[in-house]
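Numbering-wise, this note's numbering puts 179 at position 179 of the sequence shown, and it's gapless, one number per residue. All C-beta atoms in this analysis are idealised placements derived from N, C-alpha and C, irrespective of residue type, glycine included.
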Amino acid sequence: MTSKKAILFIIDGLGDLPTPKTPLQAAKKPNLDRLAKNGCTGLLSPLGRGVVPGSDTSHLRLLGYDPEAFYCGRGPLEALGVGMKLEEGDVAFRANFATVKNGQVVDRRAGRIPTSEARELEKYLSTKIEDVEIIFKHSVQHRGVVVFRGSGLSPMVSDTDPHGEGQVAECIPCDQIGEASKTARIVNKYMKFAIQRLSEVPENKERIRKNLPPANALLLRGAGAYKKVPSIIERFGLNSVCIAGGALYRGVATYIGMDVYMVLGDPSTGMIKLEEKVKAVENAIKNYDFIFLHVKATDNYGHDGDFKGKKETIEKIDKEIIPVLERSGAYLIITGDHSTPCSRREHSGHEVPILIYGRDERPDKVKKFDEISCMAGGLGHIEGKDVMPIILNLIGKAEKYGS
Ligand code: ZN
Ligand code: ZN
């Protein structure tokens with residue numbers, strides 16, 4: 001009985017500001033508008049009014065996990081997203097291959113090294129320093145993750161990524177506890193190890209011969225310590241699956257014990273074609289109560305200030321994804337994790353529109369799905385913490401509070 005299933009479709013960075021229209025207002029999206037007309041709409045502040053959400057914290061919140069209690073930092077989520085198995089207390093960072101000359105970062109992305117070449121470097125970068133095992137895993141392009149595994153480590157250390165050009169930053173302990181000092185010391189030793197190792201490998205000699213910037217250093221950022229959290233099935237009884245391309249989103253899903261649907265993305269960007277996601281939804285709906293579906297491109301266009309790209313992505317979603325979701329017979333909850341206004345090129349704390357469609361939902365008078373129309377919607381103004389209780393109520397899995 002598919003009516004007791006739900007699909008949460010998060011269109012990343014969906015919200016925008018009118019210039020004079022928002023991309024959602026400007027887009028031709030008859031399917032989303034029909035769902036808005038027949039469903040119930042409103043505005044959503046994922047982390048509370050005016051709070052500017054990160055994608056990681058916002059997704060946790062929308063999936064029913066309060067980031068105050070459950071956020072473990074970006075590094076472990078990325079590591080889980082690229083398929084690493086983590087142990088309690090592991091400290092993980094996001095890593096970039098970079099080009100360094102005389103200790104100065106001259107290219108933070110090592111000349112946008114292609115995925116196939118960067119992957120060859122993975123084998124050189126796992127090692128042991130003092131009693132700490134260090135595991136490097138490449139993801140896509142110049143990106144990867146590093147996990148530090150051993151006793152007495154702390155995530156309270158600074159990035160070595162200068163976040164621009166400049167010197168490779170020293171990792172500094174952010175608190176006075178010995179664990180942070182130990183971690184910083186090992187990270188700094190590892191940075192030296194990586195530069196030394198990468199300067200010797202044939203792949204980089206080949207890049208220099210071809211006049212390409214060598215990937216001769218790693219820059220680390222976003223330290224976090226992994227901890228095990230109760231799963232979404234334990235907490236909400238939801239047999240659930242994630243369909244997403246980006247490592248972060250797969251990582252958030254893995255962290256909370258969701259299955260991750262294996263759809264192969266573009267090998268160079270990790271992006272998954274909409275057609276592939278559509279097929280995945282059609283399969284997943286047979287086996288799961290709850291599907292978390294994610295599309296990233298809208299956020300990327302927001303960061304690029306590309307209004308047209310964002311609008312056209314919404315049109316493509318409307319044409320290719322929405323009819324499949326509608327046909328599934330599941331409850332649909334469609335929203336964003338934050339606004340990424342093209343005019344700001346950054347996340348903002350403006351509300352995002354939200355739409356709920358399905359049997360037992362009371363239609364309101366709103367006829368279009370956009371930031372302005374949904375102000376008048378029947379859901380009113382909700383917060384991220386409201387989303388999971390709403391879903392559980394719709395599919396009949398909410399527990400009565402009191403007797
Ligand atoms: Zn986001
Ligand atoms: Zn973003």
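Unbroken beta strand (DSSP E) runs of no fewer than 3 residues, entirely contained in the segment 19–90, are found at 40–45, following chain order. By the Cβ test, the segment 242–261 is in contact with the segment 69–84, since at least three Cβ pairs between them sit closer than 8 Å. Following the DSSP letters along the chain, one finds E371 in no beta strand (DSSP E), marked with neither H nor E. As summarised for the segment 121–169, the continuous beta strand (DSSP E) elements at least 3 residues long and confined to that stretch are 127–129, 132–138 and 143–149, given in chain order. The shortest CA-to-CA distance from V187 to any of G150, G13 and T19 is the one to G150. When the Cα atoms are used, R49 and G349 turn out to be separated by approximately 7 Å. Judged by DSSP secondary structure, Y357 falls within the beta strand (DSSP E) whose first and last residues are V352 to Y357. Among the bridge pairs identified by DSSP, E383 is matched with S45. The DSSP-derived three-state label of H303 is helix. With a cut-off of 7 Å, the C-beta of G13 is classified as near ligand 1, since at least one heavy atom of the ligand falls inside that distance. Relative to S328, the option among L394, R94 and K286 whose CA is nearest is K286.
Here DSSP, grouped into helix, strand and coil, assigns G111 to coil. In the three-state scheme derived from DSSP, where H, G and I count as helix and E and B as strand, G246 is classed as coil. Pairing R209 with V146, the inter-Cα distance amounts to about 28 Å. Y331 has A6 as its beta-bridge partners, per DSSP. Within the same chain, Y124 come within 6 Å of R197 by CB-CB distance, once the 5 residues on both sides are set aside. Considering only K228, D159, V366 and P323, the residue with the shortest C-alpha distance to L77 is K228.
In terms of Cβ geometry, F290 and N216 do not form a close pair [threshold 8 Å].
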